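Sequential numbering from 1 applies to the sequence shown in UniProt numbering.
Every residue gets a Cβ at the ideal spot worked out from N, C-alpha and C, and that includes glycine.
The model shown is predicted, which means the values in this text are computed figures rather than measured ones.
Everything below concerns the one structure shown next.
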Amino acid sequence: MMNRMIFAMTVVILCSCMNKGNGKISGKTRSKYVPSVTANDSIVYLKKLSITGDFDGDGKTDTIHQDVVNRKTHKPIDSFPSAEWDSIQNYFGRIDAEVILTTSDKKSDTLHLASGGGLYCLINLGDVNHDHKDEIALVLNNYSFTNISTCEIYTLCGRHWQKVKSFRIHQDAFDYEDDNVPNFSQIKGYLEYRKSRWYYIDYEKWFNAETDKDTVLQPLKIKTRC
């Protein structure tokens, strides 16, 4: 069973979102993904994501680590009080939290994202634009009470990370069954790997389309090259 804190967060977030159903899948409890693990009822410990790949094109395998740090002191933030579950976004703002990505090769600059408690997902897309470097996709979890997030895709240009594409996704992609939190290697319904290539759809454009809504994902194309 999920602990009471995460269950309470789930209820609030799901109630604030569009009603997608009765909360059951084949008789199993449908849960909202929260990238954290709780040790007790008072402290929530944040989950850290990492991926491996050749992100700088030197033919060697590197590791990207995700962390949450204090923007001013650069000290790591690994937990927050569960009593703040109804205002977690404001809490991270007050403590000046920032989600960052660092690479193990030490040659690449740190990628500074935004305030939040981590990422819903961190995915190695492989070499999408054929420049001999792996691109990455991520979705920030800033604990806002909305059901829409942005998937951002980055590539490494020299030392600097460059955002090359972004599109909107619905957070129902991060629902899961029971209490086994998955490691998302794709975003179901929005960014999927099929037949040796990536496909995607922008939820916002799909939702606002005046014509009949086509749910077929389109091939992911990234033209930007350093």
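Using 10 angstroms around the beta-carbon of residue i, count the other beta-carbons present and answer buried if the total reaches 16, otherwise exposed.
i, result
"residue 16", "The predicted position of residue 16 is uncertain, since its pLDDT is 34 and thus under 50; no value can be drawn from it."
"residue 117", "buried"
"residue 216", "exposed"
"residue 45", "exposed"
"residue 133", "buried"
"residue 73", "exposed"
"residue 209", "exposed"
"residue 130", "exposed"
"residue 110", "exposed"
"residue 92", "buried"
"residue 9", "Summary for residue 9: the model assigns pLDDT 40, below 50, so the residue's position carries little reliability; its value from the coordinates is reported in the next sentence. Classification of residue 9: buried, given that the 10 Å Cβ count is 16 or more."
"residue 59", "exposed"
"residue 171", "buried"
Between which two residues does the beta strand (DSSP E) holding residue i run?
i, result
"residue 120", "119-126"
"residue 176", "175-177"
"residue 80", "79-81"
"residue 101", "97-103"
"residue 170", "160-170"
"residue 229", "Lying outside 1 to 226, the shown extent of the chain, residue 229 is not represented and no answer is given."
Since residue i is in the alpha helix (DSSP H), which residue starts that stretch and which ends it?
i, result
"residue 89", "88-94"
"residue 70", "That residue, residue 70, is in no alpha helix (DSSP H); its beta strand (DSSP E) goes 62-70."
"residue 205", "203-208"
Please determine, among the options, the residue with the shortest C-alpha to C-alpha distance to residue i.
i, options, result
"residue 183", "48, 42, 208", "48"
"residue 55", "157, 79, 150, 152", "157"
"residue 197", "42, 82, 135", "135"
"residue 113", "188, 139, 75, 91", "139"
"residue 124", "169, 185, 175, 94", "185"
In the DSSP assignment, what are the bridge partners of residue i?
i, result
"residue 191", "187, 200"
"residue 136", "124, 154"
"residue 112", "100"
"residue 149", "169"
"residue 50", "65"
"residue 219", "199"
Would you check whether the ligand MN has a heavy atom nearer than 6 angstroms to the C-beta of residue i?
i, result
"residue 70", "For the ligand MN, the structure offers nothing, since it holds no ligand at all."
Would the region 199-206 and the region 54-68 be scored as touching if the rule is three or more Cβ pairs under 8 angstroms?
Between the region 199-206 and the region 54-68, the count of C-beta pairs closer than 8 angstroms stays below three; the two stretches do not touch.
Below 8 angstroms, can you find three or more Cβ-Cβ pairs linking the region 91-99 to the region 158-170?
Output reads no: the region 158-170 does not touch the region 91-99.
At least three beta-carbon pairs within less than 8 angstroms, the region 140-152 to the region 103-110:
Taking a cut-off of 8 angstroms on C-beta distances, the region 140-152 does not touch the region 103-110, as fewer than three cross pairs fall below it.
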